[in-house]
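The structure under discussion appears below in the form of structure tokens.
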Amino acid sequence: MKRVLQILLFFIFAIPGLALGQSKIAGKISDVKDQLKLSDATVMLLTAKDSILTGFTRSDENGLFSLAKPDTGAYVLIVSYPKYGDFYTEIQSGVDYSKLAIGLTNTATLLQEVIVTGRIPITIKGDTTEYDAGSFKVEKNAKVEDLLKALPGITVDASGKITAQGKTVKKVLVDGEEFFGDDPTLVTRNIRSDMVDKVQVYEKKSEQAERTGVDDGQREQTINVKLKEGSKNGMFGKALLGGGTDDYYMGQLMLNKFKGSQKISVYGLFGNNGTTSMNWQDAQKYGGDSGVSYGDDGSMSWSNFTDPFSGQGVIGVPKAINSGVNFSDKFDKDKHTVNINYKYGRLSSDGNDETITTGLINNKSVKNVDSENDQHRANLKYDLKLDSLNLLTIRGGASRKNLWSDNKREAYQFGQNADTTIAENTRELVKNNINEFNFSTYFTHKFKKKGRSFTFDGQWKRNEMKGTGHLNSDLRNYSLKTDSTTDQSKVRNNTSDVLSASISYTEPLSKIWNLVVGTGIEQSNSSSIVESFNIDGEGNYTQLDRRFSNNYDFDRSSNRYKLAVVHTTEKFKFTVANNFNNDKLKQFNNYTSEGITRSYFTYNPNVSAGYSFTKTKGLWMNYTGKNQLPSLSQIQPILDNSDQINRYLGNENLKPSFRNSLNLNYNSFRVLTGNYVYVGGNISTEKNPITQNIDTLKGINTYTWNNVDGKTNTSLNVWSGVYFKLSKKLGLSNSPQFYVNMSDNYNMFNHQLNKVNTTNFNFTYNFKRDTKTGLNFDLNFSPQYRLMKSSLERNTNSNGFVFASNGSVEYFFNKTFKVYTNYTYSYEAATKAFDEKFEQFLLHPGVSKKFLKNESLVLDFMINDVLNQNKGFSRSASTSVFTQRRYDTIRRYYMLKLSWDFTKMFL
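Heads up, the sequence shown is in UniProt numbering, so the first residue is 1 and it goes up one at a time.
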């Protein structure tokens, strides 16, 4: 029967194949250096579209081979031989491939580099994926960000966030060095794509692993932009100026001078339309994209803003300045490496905000916020290669922030019958000056025996905050039928010093096993002084209010011990680390001469393992066990009367909770097609969790912290995604992604145990066409459904449907003229917590025209929010408290922009 089936399959597949036109691929395989004939070399023919194997053979004793190929379609020929680099070449129809001469290079000199004929777009070098920049089509004068969008397996969203092979890119380097610190967009939106030779994608090892040669399993997805040799000597930059209706404006100036290893860069940005931040994490801070985020406690939030300073959102129309200068160079045959940068930023805004809370707590607040933030920051990094075995790195930094705000707020607390129980009217003026300093030194000594090393790490940090303020507050408690007025001047003075040192020694036990031992100490000393003064009979603020004045000293000393074993082979990496911490916490009240002391000795294990099936396919696992220590603010918080509806009390009897976390990730990337698949999951449990007890029985909200003994918080996250091309000819690609979050968490409400269950389903689909001719688009669709229920508040939940979509569409009439639009659509269904649905569609159309022979001058006309629907809005849910916010934000305006890209290269 088996034989019959084989014959049947032969006739089904082989006979029709013979009916098709075929041609021959033939040639000779030899060593490129010694011209040795290579017998039994593997020869494979794959379809270029989806990498399906269509032909296979081996070379004979003379290195000769012959293979049949259909006459239609595009293919890829791959030749491999043990201990030699692979050979890749494209096979097109209508070309004679009957007399190929293929030379392979031994890996001893090749270092596993993929050999290509002509200009193959993608190659593999060890664990690094390398893209040839010239093989990918982008617009003239495009930036690195535009080039990345064209590379298979790499995506860049509207804010500049980069994902490569399913993982978020944390660093973007230029020729292997940092450029303007940790801001990737200063590379991707500053450097021109035509200056780039190669783009490398790899997982960067930790600094200690790179120095010692012992892999500790820590990775950061990294992109390295390698410049062409001819692009390393010259000046280039960009100037942009824009003006619009309703007094909106923006401007940019970026200037770079490269000379060999020396790089000097200056940039300045200003405007009030929310586009002055180069950092992708800040780019959405003024509204636009809608997303869902999940907290460690199972809380969830979906909003369309992110605040660059406090994470709470900029209210109103911002006026911002962002500028910086960077210098880096290498001296004395790369023995000395210096990187210095300075940044200055200023942000001011004025707007209104309305917040409504329902669930276990019901209140409403309306506030006006007028704020101004001013910041200077400087950083230095110096590397000294003493010799081939010793490396010293010194880092230093300093910053100064001046923060000012004027907050006016009306707040109301409601009872179960929707009647007002408390009303508060507050105005608070705050002015703070903050200084921050840091210094660190990192020394590594490698012994002559491979794998043996010694490292020393020393750090010092100091923070200083001096501030003044004034608080006016009127509070009416309808439940207790009492009124109170606060009129106080406040003085704040906080300092913090942290000094730490650690040493680590690595000993090779064998070629694949290493032992790591280490110890470290950390001493933290801080003080917090808040003085509140009431008005005296003469109208001066001289009477100290001790109830809302604090003078605390906080001290913390930590001793850490580490014992780890590391197993490393080409395919398998395994690490078991045992971490022991001895922490002592002390708080002393200088007003009452009373103190609190706590000591904790904890064990925090870590196990990680990774297996590489191939260079582009791997499975990774990580387990972490960690004791969550109570913070000093949970043990004894500082009393604050700026919000008299919400008060916080401490608990001296808190115990550590213990958290287990297991992560699994699988990634598979196909170099020939750019397709990738990723699947991941995380499960975490927290035993005896530290949770809030909310007490509303006296009309106000009193918060304390308690261990929920015998209970366990749990959280499960599962995600998966795939990226593949739909049509290479049409430039179509797509990426479906799926995410599920489920959690059970506990808290206390009026001394009753409350269990909160949350479940969230999120599906995202990306559909893209990228050809830079005719119609192009990049569209994202994300339907979501969330469920949340509370054991104490069964009649109020936040179950509901959410749909978000965003993207861009552009049409090229020719290479110098195009029309385009960006859009964001958000929909949130009504829930029991909020009976009103939310829906908005933001559309930002524009037209662009390029001028001059080199197309370096660009004129843009665009309309922001042409439908005038942008409404500052967010909803969030946590532990049976549901919050909705509405706030002022940027709405419709028209703007004309003129930009000029300039380049001057030196021979």
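Note that beta-carbon positions come from the ideal geometry of N, C-alpha and C, so glycine has one too.
Quantities reported herein were computed from a predicted structural model and do not represent experimental measurements.
Quick check on the burial criterion: 16 or more other C-beta atoms within 10 angstroms. Buried or exposed for residue i?
i	result
residue 930	Outside the shown range of the chain (1 to 907) lies residue 930, about which nothing can therefore be said.
His751	exposed
Gly274	buried
Phe447	exposed
Thr168	exposed
Thr506	buried
Glu61	exposed
Phe851	exposed
Gln92	exposed
Between which two residues does the alpha helix (DSSP H) holding residue i run?
i	result
Leu792	Careful: Leu792 lies outside any alpha helix (DSSP H) and carries neither H nor E.
Ile635	Leu632 to Ile635
Leu186	Thr185 to Thr188
Glu145	Val144 to Ala150
Between the Cα of residue i and the Cα atoms of the options, which residue gives the shortest distance?
i	options	result
Gly680	Leu619, Thr441, Lys626 and Gly160	Leu619
Ser661	Thr47, Ser608 and Leu654	Ser608
Ile122	Thr168, Asn675, Leu509 and Ser808	Asn675
Asn854	Lys140, Ile102, Asn693 and Thr47	Lys140
Asp545	Asp86, Lys849, Asp334 and Asp487	Asp487
Pro637	Ile890, Phe533 and Tyr552	Tyr552
Ile340	Glu178, Lys367 and Val187	Glu178
Asn472	Gly94, Tyr478, Lys481 and Glu428	Glu428
Gly469	Val43, Thr773, Ser826 and Asp406	Asp406
Ile863	Thr357, Asp888 and Pro845	Pro845
Ala423	Ala378, Ser479, Arg395 and Lys466	Ser479
Asp770	Asn754, Gln784 and Phe812	Phe812
Ser874	Val866, Gln416, Phe456 and Arg886	Arg886
Gly625	Asn653, Phe658 and Lys385	Phe658
For residue i, which residues from the same chain have a beta carbon less than 7 Å from its beta carbon, with the 5 sequence-adjacent residues on both sides left out?
i	result
Asn559	Ile521 and Asn582
Asp643	none
Asn868	Arg891 and Arg892
Pro508	Lys449, Lys450, Gly451, Arg452 and Asn514
Ser612	Lys571 and Gly618
Gly176	Asn224
Pro38	For clarity, residue 38 is Leu in the given sequence; the question names Pro instead. Excluding sequence neighbours, Leu38 sits near Ile29, Ser30, Asp31, Ser59, Gly63, Tyr81 and Leu104.
Val187	Val144, Val172, Val174, Phe179 and Val225
By Cβ distance, which residues of its chain are closer than 6 Å to residue i, with the 5 residues on each side in sequence left out?
i	result
Lys897	Gly242 and Asp860
residue 913	With the chain represented from 1 up to 907, any question about residue 913 goes unanswered, as that position is not in the structure.
Lys319	Asn272 and Ser348
Lys849	Phe817 and Leu859
Ile102	Gly27, Ile29, Val79 and Phe87
Thr163	Thr155
Tyr561	Thr519 and Phe580
Asn362	Phe414
Lys711	Tyr746
Taking the continuous beta strand (DSSP E) assigned at residue i, which residues delimit it?
i	result
Asp860	Leu857 to Asn864
Leu100	Tyr97 to Leu104
Lys431	Thr420 to Lys446
Val756	Gln752 to Arg769
residue 949	Outside the shown range of the chain, which is 1 to 907, sits residue 949, and nothing can be said about it.
Ala41	Ala41 -> no beta strand (DSSP E), and no H or E assigned at all.
Thr704	Asn701 to Asn707
Ser805	Gly800 to Asn814
Gln488	Thr482 to Pro508
For residue i versus residue j, is the C-beta spacing smaller than 9 Å?
i	j	result
Phe548	Asn641	yes
residue 939	Ile694	For residue 939 there is no data in the structure shown, the boundaries of the chain being 1 and 907.
Ala41	Leu100	no
Arg556	Ser524	yes
Leu787	Asn795	no
residue 919	Asp374	The requested residue 919 does not occur in the structure, where the chain is confined to residues 1 to 907.
Gln634	Trp705	yes
Thr129	Gln221	no
Arg395	Ser365	no
Tyr81	Leu46	no
Gly85	Lys69	no
Ser502	Phe456	yes
Ala833	Phe801	no
Measure from the C-beta of residue i to each C-beta in chain C and report whether the shortest distance is under 9 Å.
i	result
Tyr75	Of the protein chains in the structure, only one exists, and it is not chain C.
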